[in-house]
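Chains as they are written, first to last, in our numbering: chain P, 1 to 135; chain G, 1001 to 1248.
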């Protein structure tokens, strides 16, 4: 009776479909998080080009800024802002998983760690915005 | 009187005659207190004795009865029919693994990976029995206890798209168990585990999808174990570069 040995040689290897990330909400959100880095990378390249234009003088800088006023670039920046916010949120959300905070021998609940992180992020963002607007 | 019924659509794969798996539907009596595993046993006992699946303890301890229930990795002994009734229930073998027959997958890859992280206490030198046992404080136990709850059910491997796309990945449970022994105050084997744990196919392959943690029936949180291992390994690297006496 050697049937099991014969069967073993006929394992079926399922293939993962290219659409695996549409199967489950968490997979989809993960892919969105990964995709966010593409937009942030493009934004940073634009920022570098902007700095280069600034170095070339006022005229080059004004031309560059005019170009950014086109609807395409405005849409891009709105999308990039959304992704930057989403990426930051996921970052702080995951931080509480990675960093175990202990106070008085007890572990601080992870949601509280996330909340504190997000709170500090918001406060710092407001401070930077105020500095930008009034200094 | 008409008895309520429920339909299970079960994956069948008979290697001696099938070239690929197919689905077979079984309609069985619905019982409110039945789990999917009870339904499978009813099918095997009353309808089709050829249906093949693994199970043992029926109480969420042995980790044998993991399957995909409506596309989600579950212990079938803990998946109640009432949570799906009156809809059909799709039962498939754990995804990301080769299928041996019907709902039975080949777990040899996982077992080999589990062994590779040396999930046991390693001592540089064993102390003699006469000196007694290795004592541990409740705090020292607490440090690793969560990660020691793993029952090797492999639901985390079925949930991990990284393992699905890159089968060389060491995977959630093996890393969580390696980490569990690294955290154990009685253990001195971290350096021995590092070549496997901190390899490219180890912790660094993980992209932190976190689905392993979502499906874990024992709240082990393998995703956290992997990320914390990454932090520790990075700290090792910084120490070895910045401190002349730093060790690797």
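Cβ coordinates follow ideal geometry from the N, Cα and C atoms, glycine included.
Three-state secondary structure assigned by DSSP to residue i
i, result
"residue 1198(G)", "coil"
"residue 1020(G)", "coil"
"residue 108(P)", "coil"
"residue 1124(G)", "coil"
"residue 57(P)", "coil"
"residue 1222(G)", "helix"
"residue 1137(G)", "coil"
"residue 990(G)", "Only positions 1001 to 1248 of chain G appear in the structure, and residue 990(G) is not among them; the question remains open."
"residue 1068(G)", "strand"
"residue 1080(G)", "strand"
"residue 1090(G)", "strand"
"residue 12(P)", "strand"
"residue 1151(G)", "coil"
"residue 66(P)", "helix"
"residue 7(P)", "Confidence is the limiting factor: at residue 7(P) the pLDDT is only 46, short of 50, which leaves the residue's position unreliable and the question unanswerable from this model."
"residue 1213(G)", "helix"
"residue 114(P)", "helix"
"residue 1186(G)", "coil"
"residue 49(P)", "helix"
"residue 1025(G)", "strand"
"residue 35(P)", "helix"
"residue 1234(G)", "helix"
"residue 1006(G)", "strand"
"residue 1098(G)", "coil"
"residue 2(P)", "For residue 2(P), the pLDDT reaches just 46, beneath the cut-off of 50, and the residue's location in the model is therefore unreliable, although a value from the coordinates is still provided. Three-state result, residue 2(P): coil."
"residue 1115(G)", "helix"
"residue 100(P)", "coil"
"residue 947(G)", "Coverage of chain G is limited to positions 1001 through 1248, which leaves residue 947(G) absent and any answer about it impossible."
"residue 1104(G)", "strand"
"residue 121(P)", "helix"
"residue 1035(G)", "strand"
"residue 1228(G)", "helix"
"residue 1014(G)", "coil"
"residue 1075(G)", "strand"
With 16 other Cβ atoms within 10 Å as the buried cut-off, status of residue i
i, result
"residue 123(P)", "exposed"
"residue 1064(G)", "buried"
"residue 1239(G)", "exposed"
"residue 1068(G)", "buried"
"residue 1153(G)", "buried"
"residue 1227(G)", "buried"
"residue 1171(G)", "buried"
"residue 1056(G)", "exposed"
"residue 1205(G)", "buried"
"residue 1048(G)", "exposed"
"residue 1092(G)", "buried"
"residue 83(P)", "buried"
"residue 33(P)", "buried"
"residue 17(P)", "exposed"
"residue 1026(G)", "buried"
"residue 74(P)", "exposed"
"residue 1082(G)", "exposed"
"residue 1006(G)", "buried"
"residue 1197(G)", "buried"
"residue 37(P)", "exposed"
"residue 1195(G)", "exposed"
"residue 132(P)", "exposed"
"residue 1225(G)", "buried"
"residue 1095(G)", "buried"
Any non-hydrogen atom of the ligand NAD within 7 Å of residue i CB
i, result
"residue 1135(G)", "Ligands in the displayed structure: none, and consequently the ligand NAD is not present."
Presumed contact (8 Å Cβ cut-off) between residue i and residue j, rounded CB distance
i, j, result
"residue 1073(G)", "residue 1158(G)", "4 Å"
"residue 1109(G)", "residue 1167(G)", "7 Å"
"residue 1218(G)", "residue 1151(G)", "6 Å"
"residue 42(P)", "residue 80(P)", "7 Å"
"residue 1008(G)", "residue 1066(G)", "About 16 Å separates the two Cβ atoms, so there is no contact after all."
"residue 1071(G)", "residue 1046(G)", "With 8 Å as the limit, residue 1071(G) and residue 1046(G) do not qualify as a contact, their Cβ atoms being about 26 Å apart."
Beta-carbon neighbours of residue i, restricted to chain C and to distances below 7 Å
i, result
"residue 11(P)", "In the structure shown, chain C cannot be found, because the protein chains are P and G."
Report the residues of the segment 1209-1237 of chain G with a CB closer than 9 Å to any CB of chain P, ordered along the chain. 1209, 1210, 1211, 1213, 1214, 1221, 1223, 1224, 1227, 1228, 1230, 1231
Under 7 Å (Cβ pairs) to chain P, residues found in the segment 1083-1112 of chain G: 1095, 1098, 1099, 1100, 1101, 1106
Positions along the segment 20-37 of chain P whose CB lies within less than 8 Å of some CB in chain G: 20, 21, 23, 24, 26, 27, 30, 34
Where the segment 1006-1033 of chain G meets chain P: residues whose CB sits under 9 Å from a CB there: 1013, 1014, 1015, 1016, 1018, 1019, 1020, 1021
May I ask you to list, following chain order, the residues of the segment 1156-1168 of chain G that have a beta carbon less than 8 Å from some beta carbon of chain P? 1161, 1164, 1165
What residues in the segment 1061-1077 of chain G have a beta carbon less than 9 Å from any beta carbon of chain P? 1071, 1072
Under 8 Å: do the segment 1203-1218 of chain G and the segment 1161-1171 of chain G share three or more Cβ pairs, one atom per stretch? yes
Three-pair Cβ contact test at 8 Å for the segment 15-29 of chain P versus the segment 50-69 of chain P: no
Cβ pair count under 8 Å reaching 3, the segment 1171-1186 of chain G against the segment 1102-1120 of chain G: yes
Interface residues of the segment 83-101 of chain P facing chain G [CB-CB below 7 Å]: 94, 97, 98
Would you list, in chain order, the members of the segment 57-71 of chain P that have their beta-carbon closer than 7 Å to a beta-carbon of chain G? For the segment 57-71 of chain P, no residue has a beta-carbon sitting nearer than 7 Å to a beta-carbon of chain G.
Would you check if there are 3 or more beta carbon pairs closer than 8 Å linking the segment 1178-1197 of chain G to the segment 1128-1142 of chain G? yes
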